[in-house]
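Novice: Dropping a structure here in structure tokens format, bear with me for questions.
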Amino acid sequence: MEFWQRFEAPPAESRTAPGPHTASYPATMPDGSVLPLPLRDFGDFGVAGLIANQASFPVVRALSGWMADAARPWGAEIVVGLPSLGQVFAPMVAEALGHPNWVAPGWSRKRWYEDRLSVPVHSITSPAERRLWLDPRIIHRLEGKRVLLVDDVVSTGASALAGLALLKAAGVTPVGMLVAMAQGNRWQASWPGAIPVRAAFATPILRPMHGGWVPEPGTAPHAICLPLDHAA
């Protein structure tokens, strides 16, 4: 199966497909369709994976549209897209919200960058520490603005928290955090409650059992997802 290329009709027996799952997990979208996602085995638990820069254009456009719908009530004036895969969605979200541009932090330091606008970061998919940098020449785009932080997935929360730290270094507190997928609920323990999080869709933590993997109850935070009655 080639993943992330098309949406499918939901399984006839259940919209959430309780499993056991062997190679993929059918993630339910805001319009009721399903996006099959590959299972990632971490030993005593598993997750459904989304690699946005390998997704088809129709899938990315649809996810970006649902993300923009979820964030629209916040009235954001500028989007900050976290590298690398959050920057697949950030420009489309910004355009859908009517913005003329967006802000793109990066992993590499340019000669004019400043240490104060840099933070360390690691994630579930990139455990080696890297540094996240913000170009001091575009800080003016953030000053006094309602800033929306965008990423592809929130999982452990490490990357998202690094994004918050980088914005704090620039003197900014975002109005919210927006992702395509909330991957489980492990991130919730360390996330500051004052900053809301919205997602286009959510997937659970999966636990191994004989014959495959099953969702762990209560680990997919659907409350932060776009309601079906608001879906485009």
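So the sequence shown is numbered by the working numbering: it starts at -13 and just counts up by one. All residues carry an ideal CB built from backbone N, CA and C; glycine is no exception.
Could you pull out every residue in the same chain whose Cβ sits closer than 7 Å to the Cβ of Ala156, ignoring the five residues on either side in sequence?
Specialist: Result list for Ala156: Leu103, Leu120, Ile125 and Leu128, in chain order.
Novice: Rounded to whole angstroms, what is the Cα-Cα separation between Leu147 and Ala76?
Specialist: In a straight line, the C-alpha of Leu147 is about 17 Å away from that of Ala76.
Novice: Comparing alpha-carbon positions, which option in Phe(-7), Leu192, His7 and Gly170 lies nearest Ser42?
Specialist: Checking every option, the nearest Cα to that of Ser42 belongs to Phe(-7).
Novice: In the DSSP assignment, find the alpha helix (DSSP H) that holds Leu152 and state where it starts and stops.
Specialist: Ala144 to Ala155 is the span of the alpha helix (DSSP H), which, as asked, contains Leu152.
Novice: Pick helix, strand or coil for Ala34, following the three-state DSSP scheme.
Specialist: The answer is strand: DSSP assigns Ala34 an E or B state.
Novice: Between which two residues does the beta strand (DSSP E) carrying Gln169 extend?
Specialist: Taken as a continuous stretch (DSSP letters only), the beta strand (DSSP E) holding Gln169 covers Gly162 to Gln169.
Novice: Below 8 Å, how does it come out for the segment 93 to 101 and the segment 161 to 176: are there three or more Cβ pairs, yes or no?
Specialist: Touching, no, given that fewer than three Cβ pairs across the two stretches are closer than 8 Å.
Novice: Scan the segment 24 to 76 and note each continuous beta strand (DSSP E) run of 3 residues or more that stays entirely inside, going in chain order.
Specialist: Runs of the beta strand (DSSP E) inside the segment 24 to 76: 32 to 34 and 64 to 67.
Novice: Hey, quick one: how far does the beta strand (DSSP E) through Arg198 stretch, first residue to last?
Specialist: Checking the sequence, you will find Gly at residue 198 rather than Arg. Where Gly198 is concerned, the enclosing beta strand (DSSP E) stretches over Gly198 to Pro201.
Novice: When DSSP labels each residue in this structure, what does Ala185 get in the three-state scheme?
Specialist: The answer is strand: DSSP assigns Ala185 an E or B state.
Novice: Under 8 Å by Cβ, that's how I've got Gly72 and Asp137 pegged, so tell me the actual separation to the nearest angstrom.
Specialist: With 8 Å as the limit, Gly72 and Asp137 qualify as a contact, their Cβ atoms being about 4 Å apart.
Novice: Any idea what DSSP makes of Leu128, helix, strand or coil?
Specialist: In this structure, Leu128 counts as coil in the three-state DSSP scheme.
Novice: Are Gln169 and Val140 close, meaning C-beta to C-beta below 8 Å?
Specialist: Yes, these two residues count as a Cβ contact at 8 Å.
Novice: Kindly list the residues whose CB is nearer than 7 Å to the CB of Pro6, restricted to its own chain and excluding five residues on each side of it in sequence; keep chain order.
Specialist: Taken in chain order, the residues that qualify are Met195, Gly197, Gly198, Trp199 and Val200.
Novice: For Phe28, count neighbouring C-beta atoms within 10 Å of its own C-beta (all shown protein chains included) and say buried if the count is 16 or more, exposed if not.
Specialist: So Phe28 ends up on the exposed side.
Novice: Less than 8 Å between the C-beta atoms of Leu36 and Leu192, yes or no?
Specialist: It is not a contact, given that the beta carbons lie outside the stated cut-off.
Novice: Going by DSSP, name the residue or residues bridged to Ser10.
Specialist: Answer is Pro24.
Novice: Under a Cβ-count criterion, where at least 16 other Cβ atoms within 10 Å of its own Cβ denotes burial, should Pro86 be classed as buried or exposed?
Specialist: Exposed is the call here.
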